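Protein chains in written order, with my numbering: chain A, 1 to 315; chain B, 316 to 586.
Beta carbons are placed, not taken as given, at the ideal position from N, Cα and C, and that holds for glycine.
A quick note: this is a predicted structure, and the numbers were derived from the prediction, not measured.
Worksheet: one structure, shown below.
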């Protein structure tokens with residue numbers, strides 16, 4: 001195949017472990033360009049890698065120079081990183097810039113990584129939440145607003161510019177080697193806080209499976225919003241036990257008590273605004289994605305937890 | 316042998332454990348389902364319930380074979396007695412039946428998930444937040460679901476109103492029609508006498524965030540309980556106006572009323 005026929009894809013958020021997994025899967029038959037908001041990452045001589053703020057004008061030069069066919073947007077700053085304001089700029093305004101440029105330069109495929117956090121952890125959540133369910137997390141905490149806004153924005157572009165072929169993925173907890181999000185940090189730690197008397201059902205997807213899902217999604221032009229989760233469930237405290245974590249119970253009633261404790265402790269892996277996710281379940285239904293894209297996760301929960309149990313002390 | 320397994324061998328009889336393993340539930344690799352049901356927890360739950368069912372309430376159940384062995388089922392019953400003991404007993408009656416037992420799910424009040432320990436415990440033994448989406452997804456999973464259409468109106472009623480059916484919600488009928496679920500009516504007699512309440516302190520209930528705050532003895536009385544399961548009822552999924560749905564609900568309510576009367580006439584004494 002000649003060089004020109006290979007699809008050229010912009011991948012964002014490449015400092016993260018997930019993006020690197022996605023790149024490994026695509027680099028053999030696609031020309032990739034990697035960008036990250038936070039740092040420049042060396043990915044080999046064949047992949048140009050940049051550290052660029054999407055809101056800066058030089059970002060457009062990338063589109064001019066490389067003539068992308070598609071964009072895989074994994075560069076969402078997680079709720080545990082940076083300040084609320086900077087997150088808003090990066091996630092919401094940055095994404096808007098990215099989508100505007102994608103439209104301007106005639107990109108034909110966009111995959112956006114969102115999170116199941118947008119549904120919000122509410123006591124009245126039913127299990128197996130569908131993609132049509134309301135996004136309640138805005139009402140819970142201002143720290144999750146940017147995640148929901150990012151989704152809204154992507155949704156508006158999804159309908160306004162159908163030719164962009166936007167697919168939004170809402171995965172459950174992504175875990176596994178190299179993942180630095182808050183749940184992965186908790187599972188990897190020796191001791192993890194729990195809210196006394198609450199052990200909500202959770203879903204975990206292995207980073208390799210998630211990378212497979214993203215590649216599958218990119219390769220099939222099917223617009224829409226999809227949950228990504230395996231059909232397997234476990235209670236939070238049971239998961240900690242299987243990961244060999246000691247549980248540190250935090251008094252849970254009245255609700256003001258744990259909130260004050262967590263605010264005082266100010267743990268990066270157990271922030272007060274994610275408190276509800278350790279109290280009430282947010283179990284999503286990933287069957288639509290599985291059916292549409294032919295996706296079946298291959299790494300079982302036991303394997304995921306064994307990894308955390310055996311890697312308590314990072315080398 | 317670890318302490319947990321010794322305890323388990325003492326508490327959970329092997330035959331029960333085997334019986335539960337035989338009932339195939341749509342569970343994941345760690346024994347959980349999306350609503351928090353846990354195959355191990357149910358074994359403890361059922362072993363403990365057995366004593367409560369057989370020794371304390373000395374339940375007499377008739378017609379439990381009316382519940383189909385498979386497919387979506389809605390078990391509709393009258394609700395009473397402040398605590399959801401009726402749900403527990405109906406669940407045990409079905410799980411312990413000789414022929415083709417099933418582990419049913421019960422829809423519970425919306426405030427339970429907010430209660431520490433209890434909320435999770437109820438989920439582990441199969442109780443699920445009473446949300447129409449939950450019920451729909453469970454029927455789609457071919458589960459048998461226990462529903463009390465009276466809700467808190469039924470469980471919170473006072474002793475003076477015993478065995479008077481309160482208004483039934485129409486939600487269960489819509490779901491039964493949509494998912495072609497069989498409806499099995501159940502008349503529960505005896506649970507009204509377990510925690511007789513003489514009054515409800517509404518301001519206290521509001522302050523505590525609970526549906527009702529009964530004035531009652533702080534004990535659960537060992538009333539004898541009769542469960543009468545009626546013949547299965549089927550309703551087609553035609554598009555019909557709400558008025559006719561209500562008529563269908565009334566039909567089920569009427570059946571339950573008859574089953575309650577049957578239980579009351581069978582009952583020789585309260586305890």
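- Proximity of residue 127 (chain A) to chain B, defined by a Cβ-Cβ separation below 8 Å, is satisfied.
- As computed with DSSP, residue 534 (chain B) is found in no beta bridge at all.
- The C-beta separation of residue 203 (chain A) from residue 243 (chain A) comes to about 15 Å, leaving the pair out of contact by the 8 Å criterion.
- Taking a beta-carbon distance threshold of 8 Å, residue 302 (chain A) counts as an interface residue toward chain B.
- Annotation: residue 206 (chain A) has no Cβ neighbours in chain B at a cutoff of 9 Å; minimum Cβ distance is about 13 Å.
- Annotated three-state conformation of residue 185 (chain A) is helix, per DSSP.
- Here residue 166 (chain A) really is in contact with residue 110 (chain A); their C-beta atoms are around 5 Å apart, less than 8 Å.
- Chain-order list of chain A residues neighbouring residue 518 (chain B): empty, with the shortest C-beta distance near 18 Å, by a criterion of under 8 Å.
- Contacts between residue 420 (chain B) and chain A, judged by CB atoms closer than 7 Å, are missing: the closest CB pair is about 11 Å apart.
- Between the stretch 226-245 of chain A and the stretch 26-44 of chain A there are fewer than three inter-stretch CB-CB distances shorter than 8 Å, so the stretches are not counted as touching.
- Under the DSSP definition of a beta bridge, residue 390 (chain B) partners with B:461 and B:499.
- The straight-line gap separating the alpha-carbon atoms of residue 269 (chain A) and residue 258 (chain A) is approximately 15 Å.
- Residue 49 (chain A) carries a strand assignment under DSSP once its states are collapsed to helix, strand and coil.
- Interface with chain B (8 Å Cβ-Cβ cutoff): residue 232 (chain A) is included.
- Contact check for residue 499 (chain B) against residue 571 (chain B) fails: the beta carbons are separated by 8 Å or more.
- Short of 7 Å from the beta carbon of residue 285 (chain A), and not among the five residues preceding or following it, lie these beta carbons of its own chain, in chain order: 128, 129, 130 and 227.
- At a cut-off of 8 Å between beta-carbon atoms, residue 201 (chain A) makes contact with chain B.
- Straight through space, the alpha carbons of residue 455 (chain B) and residue 494 (chain B) are spaced by roughly 7 Å.
- Using a Cβ-Cβ cut-off of 8 Å, residue 123 (chain A) counts as an interface residue toward chain B, since at least one Cβ of chain B sits closer than that to its own.
- When only Cα atoms are considered, residue 18 (chain A) and residue 78 (chain A) end up about 13 Å apart.
- For residue 8 (chain A), the enclosing beta strand (DSSP E) starts and ends at 8-12.
- With contacts defined by Cβ atoms closer than 8 Å, residue 92 (chain A) and residue 164 (chain A) do not form a contacting pair.
- Per DSSP, residue 176 (chain A) lies in no beta strand (DSSP E) and is assigned neither H nor E.
- The count of Cβ pairs closer than 8 Å, one atom from the stretch 544-551 of chain B and one from the stretch 370-387 of chain B, reaches three, so the stretches are in contact.
- Neighbours of residue 235 (chain A) in chain B, taken as residues whose beta carbon is under 9 Å from its own, are 345, 347, 351, 353, 435, 438 and 439 in chain order.
- Your pair residue 136 (chain A) and residue 120 (chain A) checks out as a contact, with CB atoms roughly 3 Å apart and the cut at 8 Å.
- Where residue 422 (chain B) is concerned, the enclosing beta strand (DSSP E) starts and stops at 420-423.
- Residues of chain A with a Cβ closer than 8 Å to the Cβ of residue 431 (chain B) are, in chain order, 195, 196, 197, 198, 252 and 253.
- If the five residues before and after residue 506 (chain B) are omitted, its C-beta is found closer than 8 Å to the C-beta atoms of 395, 396, 400, 401, 404, 538 and 540, all from its own chain and listed in chain order.
- Taking the C-beta atoms as reference points, residue 70 (chain A) is found nearer than 8 Å to residue 218 (chain A).
- The alpha-carbon separation between residue 29 (chain A) and residue 216 (chain A) amounts to approximately 14 Å.
- Below 8 Å, enough C-beta pairs join the stretch 408-422 of chain B and the stretch 456-475 of chain B to call them touching: three or more.
- Out of A:305, A:16 and A:65, the CA that lies nearest to the CA of residue 73 (chain A) is found in A:16.
- Using a Cβ-Cβ cut-off of 8 Å, residue 425 (chain B) counts as an interface residue toward chain A, since at least one Cβ of chain A sits closer than that to its own.
- A contact between stretches requires three or more CB pairs, one per stretch, nearer than 8 Å, and the stretch 384-394 of chain B fails this requirement with the stretch 301-315 of chain A.
- Neighbourhood of residue 449 (chain B) in chain A, by CB distance below 7 Å: 126 and 127, in chain order.
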